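Numbering (my numbering), first residue to last: 33 to 187. Glycine included, C-beta positions come from ideal geometry on N, C-alpha and C. Every value quoted in this text rests on a predicted model; they were computed, and no experiment measured them.
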């Protein structure tokens, strides 16, 4: 049996102030061992199969992927969730597709995870030691509900 415990943590929250038109850093303390560090919902991303384009040795993001990354960053900043979490993480993503077509969950997560990294949800996606992806019934437009918790080094 694997033993899991959550750390108490102090994280820095980057909040966009519309009045001052700048980002302000604030410290936030998470003391309860059972408390999630972060919970938020994103829109449904474009597929990971077409998000990165390749030609003549160059790689670039598709316009849909760029737009999704920008919207994700704006949403997380607006909610004050650009925490740049450090340490080992457990991430649970509940994915509600926009329709009943067949989709690979890993391709959905590939874009959503990269968007969270670029938006400042965590420093680097290599910090994720425990990733749980779950598909639920389709919803209009689709969505991804993400919960992030911090792990001990022992998994």
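Inter-residue distance for residue 82 and residue 113 is about 28 Å (C-alpha atoms, whole angstroms). Beyond the five residues adjoining it in sequence on each side, residue 143 comes within less than 8 Å, by CB distance, of 77, 78, 79, 80, 83, 97, 100 in the same chain, given in chain order.
When secondary structure is reduced to three states using DSSP, residue 75 falls in the strand class. The DSSP-derived three-state label of residue 167 is strand. By the Cβ-count criterion, residue 140 is buried, with 16 or more other Cβ atoms from all chains shown falling within 10 Å of its own Cβ. Scanning 169, 109, 124 for the CA closest to the CA of residue 138 turns up 124.
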